[in-house]
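Under this note's numbering, the first residue of the sequence shown carries the number 1271, and numbering increases by one thereafter. Just so you know, even glycine gets a beta-carbon here, dropped at the ideal spot from N, CA and C. Data block below; observations after.
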Amino acid sequence: MIAKIFINFLNSVYQLCAFFVNLLFLGQAFTIMIVYVWSRRNVFVRMNFFGLMNFQAPYLPWVLLGFSVLLGNAISVDLVGMAIGHIYFFMEDVLPRQNGGQKILKTPKFL
């Protein structure tokens, strides 16, 4: 019950953010969200960007944001994806590990 309410809330926040930054297609923001969550879960992975710079995985979303700026794209799409990714990462990985924390997002039993 709580998981359904939270998922609906997160979906609503995602759509409201998209409305306020004038996003019609959320595919790129969703991709950045997945990249953000992956990079936070794989902290010690070394990355290489076009052979020009080496960095740890948590910096990958920021490197992609900088690359978007260099290409002249709007940063609002990437920032929305990173914000939603941070909320998901916090609720899924950080909050349950705290003292008295519980897992809010639960996978349905049929999956």
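Taking a cut-off of 8 Å on C-beta distances, the region 1368-1380 does not touch the region 1321-1335, as fewer than three cross pairs fall below it.
Contact between the region 1346-1356 and the region 1296-1316 is established, with three or more Cβ pairs separated by less than 8 Å. Each residue's CA atom was taken as its position, placing residue 1341 and residue 1370 some 45 Å apart. For residue 1298, the uninterrupted alpha helix (DSSP H) segment begins and ends at 1297-1311. Contact between residue 1324 and residue 1316 holds: their C-beta atoms lie close to 6 Å from each other, under 8 Å. With at least 16 other beta carbons inside 10 angstroms of its own, residue 1347 counts as buried.
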